[in-house]
Amino acid sequence: MPDKEEHGQSDFMIEKIKQRPINRKKLLRRTILTASMAVIFGLIACVTFLVLEPVINNWLYPEEDPKTVVFPEDPEEMLPEEMLAENLPTESPSPSPSPEPDPEPEGMIFSQEQIEEILSGVILDKENYKELYSAMSAYIAELEQYMVTVTAVTSNIDWFSNVQESRSQTSGIIVNDNGKELLILADASMLWAAESMILTFHNGEQASAQIKQMDSYTGLAILSVPLTDLPAGIDKDSLTYPVMGSSNSSRLIGTPVIAMGSPMGASNSVGYGMVTWAGYIFSVPDRNYKILQTDISGSKNASGVLFNLDGQIMGIITDNKTNSDMGSVIYAYGITDLIRIMNKMSNSNKVAYLGISGMDVPEEVNRTQGVPFGGFVTKVDMNSPAMLAGVRQGDVIVGINDRDVTLFQDYTSALMLYEPGQTVTVTVMRQSQEEYKEMIFTIEVGEAKAWK
Numbered sequence: 207m208p209d210k211e212e213h214g215q216s217d218f219m220i221e222k223i224k225q226r227p228i229n230r231k232k233l234l235r236r237t238i239l240t241a242s243m244a245v246i247f248g249l250i251a252c253v254t255f256l257v258l259e260p261v262i263n264n265w266l267y268p269e270e271d272p273k274t275v276v277f278p279e280d281p282e283e284m285l286p287e288e289m290l291a292e293n294l295p296t297e298s299p300s301p302s303p304s305p306e307p308d309p310e311p312e313g314m315i316f317s318q319e320q321i322e323e324i325l326s327g328v329i330l331d332k333e334n335y336k337e338l339y340s341a342m343s344a345y346i347a348e349l350e351q352y353m354v355t356v357t358a359v360t361s362n363i364d365w366f367s368n369v370q371e372s373r374s375q376t377s378g379i380i381v382n383d384n385g386k387e388l389l390i391l392a393d394a395s396m397l398w399a400a401e402s403m404i405l406t407f408h409n410g411e412q413a414s415a416q417i418k419q420m421d422s423y424t425g426l427a428i429l430s431v432p433l434t435d436l437p438a439g440i441d442k443d444s445l446t447y448p449v450m451g452s453s454n455s456s457r458l459i460g461t462p463v464i465a466m467g468s469p470m471g472a473s474n475s476v477g478y479g480m481v482t483w484a485g486y487i488f489s490v491p492d493r494n495y496k497i498l499q500t501d502i503s504g505s506k507n508a509s510g511v512l513f514n515l516d517g518q519i520m521g522i523i524t525d526n527k528t529n530s531d532m533g534s535v536i537y538a539y540g541i542t543d544l545i546r547i548m549n550k551m552s553n554s555n556k557v558a559y560l561g562i563s564g565m566d567v568p569e570e571v572n573r574t575q576g577v578p579f580g581g582f583v584t585k586v587d588m589n590s591p592a593m594l595a596g597v598r599q600g601d602v603i604v605g606i607n608d609r610d611v612t613l614f615q616d617y618t619s620a621l622m623l624y625e626p627g628q629t630v631t632v633t634v635m636r637q638s639q640e641e642y643k644e645m646i647f648t649i650e651v652g653e654a655k656a657w658k
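Each residue of the sequence shown is one higher than the last, beginning at 207 in my numbering.
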């Protein structure tokens with residue numbers, strides 16, 4: 207010790223700080239925990255934004271609901287004598303002095319020979335024929351503004367993993383808008399499985415469309431295009447829509463019609479003719495459709511619309527549902543019977559279903575057999591709401607809730623007022639021995655299937 211002091215040295219502690227070794231497992235756990243918390247908080251933020259964004263956006267920029275689309279139903283047909291009576295004055299006008307009428311000039315009554323002589327002077331040649339078809343061509347050009355071609359696009363993968371795109375076309379007609387969307391009625395048989403749909407308007411402009419709602423029984427659909435997505439060549443402020451005609455007229459046979467769309471199986475084809483038969487009823491559950499037959503030769507794959515010469519829609523072209531041997535002519539659903547389902551589809555409303563097929567009770571059957579007037583039940587679907595409630599074939603529906611039913615279409619009109627899930631009271635007359643007795647069924651309305 208003295209020796210060390212002598213040399214200027216002394217004893218003291220020397221401390222050396224060593225770095226703590228890194229715990230890799232603990233660091234990894236903390237990193238994973240931090241990342242997990244970041245992901246969880248990120249997901250919570252995303253979900254909160256997705257939930258609140260529409261609410262806040264609607265609060266700041268409220269959107270108007272689409273207006274309800276209503277196609278007017280066919281008014282009752284006015285008989286000629288009623289039309290004459292309507293035009294007669296209801297009160298006799300006060301007499302006023304008027305000059306005596308001139309005596310009827312002689313020679314105003316022509317003999318058969320004179321009529322034949324006058325007609326013989328009328329010469330029809332190819333110029334008259336040309337003028338007639340020129341007028342028809344100009345008329346078709348006016349109607350083309352309502353027509354569209356619908357192209358359904360689907361894709362498949364072949365054996366070599368190559369994507370192959372296929373396209374099929376049908377014709378549709380612009381029927382209305384709801385303030386937010388343009389609505390198109392079209393055949394859905396080629397559209398229900400499409401991955402995308404392209405509408406081509408009469409001027410060649412195109413837009414993407416989507417199916418708003420389909421009906422499995424008629425095979426028709428309402429397509430929609432947002433008005434904001436219409437191409438520049440389509441002025442949404444000047445859009446006009448066709449008028450629905452009447453397919454229930456007693457003078458329907460012989461009515462001249464024009465088939466437009468794809469009556470010949472190709473887009474933008476056309477055919478002239480007339481209605482030759484309207485006596486077949488295509489029956490589906492809860493609804494009946496009149497089928498119009500024409501003398502227009504067309505394709506089995508025809509689609510499109512029948513117009514009359516007043517620019518009114520008379521029918522929507524369909525395939526031959528009459529089992530007639532006239533398979534090469536154009537058939538169409540009568541437009542009057544389609545109005546109710548068009549209203550439902552245009553407003554995305556569910557269609558009521560009870561499962562009853564039926565017909566009218568003919569006047570002769572009522573008179574000779576005592577069957578009461580109403581909707582005669584010809585069939586009840588298996589396990590349908592009507593069958594489960596107890597309605598059966600042979601019953602005659604005479605009322606739904608507070609509405610009287612004298613024709614099957616009265617039953618259809620009444621049922622269309624209700625939504626699936628509601629309850630209706632159906633009154634029927636059922637034959638018991640030699641008389642009909644009233645029975646009342648309380649039925650919960652079902653929902654018609656949207657597609658087969």
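Backbone N, C-alpha and C define an ideal beta-carbon position, used for all residues, glycine too.
When you compare each of Ser422, Leu349, Ile417 to Val449 by their alpha carbons, which one comes out closest? Numbered from its first residue, the sequence shown carries residue 449 at position 243. The shortest Cα separation from Val449 among Ser422, Leu349, Ile417 belongs to Leu349.
Problem set entry | Chain-order list of residues whose beta-carbon lies under 6 Å from that of Arg373 (same chain, five-residue window excluded) | Here residue 373 is taken as the residue at index 167 of the sequence shown, counted from 1. Cβ within range, chain order: Thr357, Val359.
Discussion item. According to DSSP, simplified to helix, strand and coil, what is Thr618?
Written reply: In the sequence shown, residue 618 corresponds to position 412, counting from 1. Here Thr618 sits in helix by DSSP.
Check: DSSP state of Val253, grouped into three classes?
Finding: Here residue 253 refers to the residue found at position 47 of the sequence shown. Helix.
task = Let me know if Pro462 comes out buried or exposed under the rule of 16 or more other beta-carbons within 10 Å of its beta-carbon.
result = Counting from 1 along the sequence shown, the entry for residue 462 is found at position 256. It counts as exposed.
**Item:** Assigned secondary structure, Asp443 (DSSP; H/G/I helix, E/B strand, else coil)
**Value:** Translated into the one-based positions of the sequence shown, residue 443 becomes position 237. Note: Asp443 maps to helix in three-state DSSP.
Exercise. Work out the CA separation of Gly485 and Ser456 for me, nearest whole Å.
Key: As a position in the sequence shown, residue 456 is number 250, starting the count at 1. As a position in the sequence shown, residue 485 is number 279, starting the count at 1. Those two C-alpha atoms are separated by around 11 Å.
*Nonlocal neighbours in the same chain, by C-beta distance under 7 Å from Met396, ignoring five residues either side*: What you label residue 396 is simply residue 190 of the sequence shown in a count that begins at 1. Cβ within range, chain order: Ala358, Ser374, Thr376.
Using a Cβ-Cβ cutoff of less than 6 Å, which residues in the same chain neighbour Gln351 once the five nearest sequence positions on both sides are dropped? The residue given as residue 351 occupies position 145 in the sequence shown. Contacts found: His408.
Check: Are the stretch 410 to 420 and the stretch 560 to 574 in contact at 8 Å, needing three or more beta carbon pairs?
Finding: no
#### Entry: Outcome for Pro278 when other beta-carbon atoms lying within 10 angstroms are tallied against a minimum of 16
Position 72 of the sequence shown, counted from the start, is the residue given in the question as residue 278. Using a 10 angstroms sphere on the CB of Pro278, the tally of other CB atoms stays under 16, which defines it as exposed.
query: Looking at the structure shown, is Ser343 part of a helix, part of a strand, or coil, going by DSSP?
result: To locate residue 343, count along the sequence shown from 1; it is residue 137. In the structure shown, Ser343 sits in a helix (DSSP, three-state: H, G or I).
To the nearest angstrom, how far is the alpha carbon of Glu625 from that of Glu640? Locating residue 625 in the sequence shown gives position 419, counting from the first residue. Locating residue 640 in the sequence shown gives position 434, counting from the first residue. Their backbone Cα atoms lie some 37 Å apart in a straight line.
Report task. List the DSSP bridge partners of Val630. Result -> The residue labelled residue 630 in the question sits at position 424 within the sequence shown. Partner(s): Ile649.
* Asked: Which term fits Phe614, buried or exposed, when burial requires 16 or more other beta carbons within 10 angstroms of its beta carbon?
  -> Residue numbering aside, residue 614 sits at position 408 when the sequence shown is read from its first letter. Phe614 is buried by the Cβ-count criterion.
Kindly list the residues whose CB is nearer than 6 Å to the CB of Lys550, restricted to its own chain and excluding five residues on each side of it in sequence; keep chain order.
By 1-based counting over the sequence shown, the position of residue 550 is 344. A distance below 6 Å between beta-carbons, with the five flanking residues on each side excluded, links Lys550 to the following residues of its chain, in chain order: Val557.
Task: Distance between beta carbons of Ala620 and Tyr559, contact taken as under 8 Å - done: Your numbering for residue 559 matches position 353 in the sequence shown. Your numbering for residue 620 matches position 414 in the sequence shown. At roughly 14 Å, the Cβ-Cβ gap does not stay under 8 Å, so Tyr559 and Ala620 are not in contact.
Can you grab the Cα-Cα spacing for the pair Gln637 / Gly477, in whole Å?
-> The count along the sequence shown starts at 1 and reaches residue 637 at position 431. The count along the sequence shown starts at 1 and reaches residue 477 at position 271. Answer to the nearest angstrom: the Cα atoms are 49 Å apart.
- Query: Helix, strand or coil: which one does DSSP assign to Glu319?
  - Reply: On the sequence shown, position 113 is the one that residue 319 refers to. Under the three-state reduction of DSSP, Glu319 is assigned to helix.
Going by DSSP, which residues form a beta bridge with Thr524? As a first step, residue 524 is located in the sequence shown; it is residue number 318 there, counting from the start. Note: Thr524 sits in a beta bridge opposite Tyr537.
- Message: Alpha carbons only, please: which of Val586, Ala394, Glu371 is nearest the one belonging to Ala427?
- Response: Counting from one through the sequence shown, the residue named residue 427 turns up at place 221. Answer by Cα proximity: Ala394.
Taking the continuous alpha helix (DSSP H) assigned at Gln599, which residues delimit it?
For the purposes of this step, residue 599 is taken as the residue at position 393 of the sequence shown. Counting along the chain, Gln599 falls outside any alpha helix (DSSP H), and DSSP gives it neither H nor E.
Q | First through last residue of the beta strand (DSSP E) which encompasses Thr574 | A | Here residue 574 refers to the residue found at position 368 of the sequence shown. Note, Thr574: premise wrong, no beta strand (DSSP E); alpha helix (DSSP H) at 569 to 575.
Self-check item: Three or more C-beta pairs below 8 Å linking the stretch 500 to 511 and the stretch 427 to 444
Solution: no
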